[in-house]
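For the sequence shown, this note's numbering begins at 107 and goes up steadily by one. Every residue, glycine too, gets a C-beta built ideally from N, C-alpha and C. Okay, so here's the structure we're looking at.
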Amino acid sequence: MAKVLTPRSESYSQWYNDLVLKADLAENSAVRGCMVIKPYGYAIWEKMQSVLDRMFKDTGHENAYFPIFIPKSFFSKEADHVEGFAKECAVVTHYRLMNDPDGNGVVVDPEAKLEEELIVRPTSETIIWNTYKNWIQSYRDLPIKCNQWANVVRWEMRTRLFLRTAEFLWQEGHTAHATKQEAIEETETMINVYGDFAEKFMAVPVVKGIKSANERFAGALETYTIEALMQDGKALQSGTSHFLGQNFAKAFDVKFASKEGKEDYVWATSWGVSTRLMGALIMAHSDDNGLVLPPKLAPIQVVIVPIFRKPEELAKIKEVAGGLIAKLRDRGIDVKFDDNDNKKPGWKFAEYELKGVPVRLAMGPRDLENGTVEVARRDTLSKEVVALDGVDEHIVKLLDDIQTNIFQKALDFRAQSTVSVDTYDEFKERLEEGGFIMAHWDGTPETEQKIKEETKATIRCIPLDQPEEEGVCIYSGKPSNKRVMFARAY
Numbered sequence: 107m108a109k110v111l112t113p114r115s116e117s118y119s120q121w122y123n124d125l126v127l128k129a130d131l132a133e134n135s136a137v138r139g140c141m142v143i144k145p146y147g148y149a150i151w152e153k154m155q156s157v158l159d160r161m162f163k164d165t166g167h168e169n170a171y172f173p174i175f176i177p178k179s180f181f182s183k184e185a186d187h188v189e190g191f192a193k194e195c196a197v198v199t200h201y202r203l204m205n206d207p208d209g210n211g212v213v214v215d216p217e218a219k220l221e222e223e224l225i226v227r228p229t230s231e232t233i234i235w236n237t238y239k240n241w242i243q244s245y246r247d248l249p250i251k252c253n254q255w256a257n258v259v260r261w262e263m264r265t266r267l268f269l270r271t272a273e274f275l276w277q278e279g280h281t282a283h284a285t286k287q288e289a290i291e292e293t294e295t296m297i298n299v300y301g302d303f304a305e306k307f308m309a310v311p312v313v314k315g316i317k318s319a320n321e322r323f324a325g326a327l328e329t330y331t332i333e334a335l336m337q338d339g340k341a342l343q344s345g346t347s348h349f350l351g352q353n354f355a356k357a358f359d360v361k362f363a364s365k366e367g368k369e370d371y372v373w374a375t376s377w378g379v380s381t382r383l384m385g386a387l388i389m390a391h392s393d394d395n396g397l398v399l400p401p402k403l404a405p406i407q408v409v410i411v412p413i414f415r416k417p418e419e420l421a422k423i424k425e426v427a428g429g430l431i432a433k434l435r436d437r438g439i440d441v442k443f444d445d446n447d448n449k450k451p452g453w454k455f456a457e458y459e460l461k462g463v464p465v466r467l468a469m470g471p472r473d474l475e476n477g478t479v480e481v482a483r484r485d486t487l488s489k490e491v492v493a494l495d496g497v498d499e500h501i502v503k504l505l506d507d508i509q510t511n512i513f514q515k516a517l518d519f520r521a522q523s524t525v526s527v528d529t530y531d532e533f534k535e536r537l538e539e540g541g542f543i544m545a546h547w548d549g550t551p552e553t554e555q556k557i558k559e560e561t562k563a564t565i566r567c568i569p570l571d572q573p574e575e576e577g578v579c580i581y582s583g584k585p586s587n588k589r590v591m592f593a594r595a596y
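Shown next, in the form of structure tokens:
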């Protein structure tokens, strides 16, 4: 088969790019920095969306939609926020084109300049809080718990499919609360939702923690994060939840009358995950043969490949496979029967291996005679011959086993790749091997910045379950009461 991948050991970066392209997940577009998500890649994203959307609704959230264009003046109202996003904003200045009088196609009509320039949404806090001002007068109007599925634009010059593109898909939740405690609880609830999704559906183990001030979201008082470890030893921030305090309520003058009749500013949160999760899914599990997808998010969970030479053989296989397909679909399993006779079975096996289909069945005339079927699992590349009678039950258990196995494999890898160090020399040495490094830090942004400048490593988070431990900062030698988690990251 021609679709060969660069081995990870040779070039992890090239392996990733090869895999995204050859597994038909996405490709670069005619617009620099933007991608085309192809049907197979989008089918995985749809499964992610579907699960997350249910989790959001189960925690009391509703979907809404807000404009893609944001007046420039809105960004001026929250100083930290505008500083954080100013360098990556796309700006709309005109609203009309015209034919070039010199006959050189179309040009911007100079008479169509906007009175106020519009920013293409990099994130929606400003437009949403301007809207919430009209929705909130009293404590009876709270809480508001909205989520938006949308695209955003953050101008990127150095891009990589799914991980960093100028335009990407995401969801962003924006909530408004009467009390500080309620807003903090919402922030923590949502980081736990993301953690559960990553581990139970993506089969990606994550560390939940709080970001340092340097790494915090622009305009937030506290940012919670889930951090995953990729096979090359780099971290990937996979979801964030922000406690915004009253910053945006003050910026947009969003007040409410409390039960006691006092007027106060509303408390806020925002939280989001994006198509970066596709990158996490690919890099956490896949191998040199292609994608390895967790069954819960695979667009095709089981593929049946008939082995036949004559039409009458295919007809018999179809008849037997039809009953099995019905049983599997009744159990909620996505099945594909691939009877395309333009491709040989060997080509199909390699193709479905490349695309990460968790379970593949091969069924030929001899299998029908013996009442058996060949079952191959993608995660271990092992094969077995199983009796057709009861194979549906076997497949259900197998899918659960694959989901558990790939999570455990990623968890074991993270455990092997997490170390504690006590000196800066040891830190720098270990950093070259990749992985998570637990080290003492004096708590100052200056020290964190110096470590980043010298090593390209950042504090990924201060883990929520990290115990207190007296020590000294690896860089400054100043006292520290807790280790934090460092890594190089995407």
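Close beta carbons around residue i, own chain, < 7 angstroms, minus the five adjacent residues each side
| i | result |
| --- | --- |
| H546 | G577, V578, C579, I580, S586 and R589 |
| L350 | G325, A326, L327, A374, T375 and S376 |
| D247 | W241 and F362 |
| R160 | none |
| A132 | V126, M141, V142, I143, K144, G147, L267 and F268 |
| V214 | H200 and L203 |
| F180 | T232, I233 and N236 |
| Y245 | A284, F362, A363, S364 and K365 |
| V259 | A196, V226, R227, P228, A272 and E273 |
| E490 | V481 |
Sequence-distant residues of its chain with Cβ nearer than 6 angstroms to residue i (five each side left out)
| i | result |
| --- | --- |
| A108 | Note that A108 has pLDDT 43, beneath the 50 cutoff, so the model's placement of it is unreliable and no number is given. |
| D124 | L111 and T112 |
| A319 | P551 |
| K153 | L403 |
| S380 | F274 and W276 |
| E189 | none |
| Y118 | D338 |
| K424 | none |
| H187 | A324 and G325 |
Option in the options with minimal Cα separation from residue i
| i | options | result |
| --- | --- | --- |
| T329 | Y171, L570 and K442 | L570 |
| I143 | N257, E168, G209 and G541 | N257 |
| K251 | G583, G139, W373 and D215 | W373 |
| V312 | I332, A326, G325 and L327 | I332 |
| D495 | H391, K433, D447 and G541 | K433 |
| S364 | K416, I423, D445 and A284 | A284 |
| L420 | N446, N210, G396 and V198 | N446 |
| P400 | Y245, V197 and K461 | K461 |
| G583 | T553, A282 and I568 | T553 |
| K239 | K416, Y371, S392 and D548 | Y371 |
| E305 | E222, I176, L517 and Q243 | L517 |
| Y530 | T561, E539 and S523 | T561 |
| K498 | E539, K450, G209 and G428 | Just to set this straight, residue 498 is Asp in the shown sequence, not Lys. Nearest option by C-alpha distance: G428. |
| E222 | Q572, I176 and A136 | I176 |
| K286 | T295, Q352, H280 and A334 | Q352 |
Residue i vs residue j beta-carbon contact at 9 angstroms
| i | j | result |
| --- | --- | --- |
| A595 | K193 | no |
| K178 | L224 | yes |
| D473 | I413 | yes |
| C140 | T229 | no |
| I565 | E321 | yes |
| F172 | T237 | yes |
| V408 | M469 | no |
| A297 | G345 | One point to set straight first is that residue 297 is Ile, not Ala, in the sequence displayed. The answer is yes: Cβ separation under 9 angstroms. |
| L487 | E459 | yes |
| E278 | G378 | yes |
| I512 | H391 | yes |
| R138 | D394 | no |
| F323 | L158 | no |
| K422 | P471 | yes |
| D206 | V198 | no |
Integer Cβ distance of residue i from residue j, believed to fall under 8 angstroms
| i | j | result |
| --- | --- | --- |
| W151 | M384 | 6 angstroms |
| Q94 | A309 | Because the chain is modelled from 107 through 596, residue 94 falls outside the range shown and cannot be assessed. |
| W463 | R435 | The sequence given here places Val at residue 463; Trp does not occur at that position. With a Cβ gap of about 16 angstroms, V463 and R435 do not count as contacting. |
| V492 | V479 | 6 angstroms |
| G452 | A129 | Contact doesn't hold; Cβ gap of about 18 angstroms is too wide. |
| K314 | G301 | 5 angstroms |
| F354 | E184 | 6 angstroms |
| A521 | A563 | So it is not a contact: roughly 20 angstroms between Cβ atoms. |
| G549 | S523 | The pair is not a contact, with the Cβ atoms about 25 angstroms apart (cut-off 8 angstroms). |
Cutoff 8 angstroms; reference residue i; Cβ partners in own chain excluding five residues on either side
| i | result |
| --- | --- |
| S526 | I543, M544, A545 and R589 |
| I431 | I410, V441 and F443 |
| M389 | Y122, M336, Q337, D338 and L342 |
| Q155 | W255 and Q277 |
message: Under 8 angstroms: do the stretch 288 to 300 and the stretch 263 to 274 share three or more Cβ pairs, one atom per stretch?
response: no
message: Between the stretch 160 to 168 and the stretch 240 to 254, can you find at least three pairs of beta-carbon atoms closer than 8 angstroms?
response: yes
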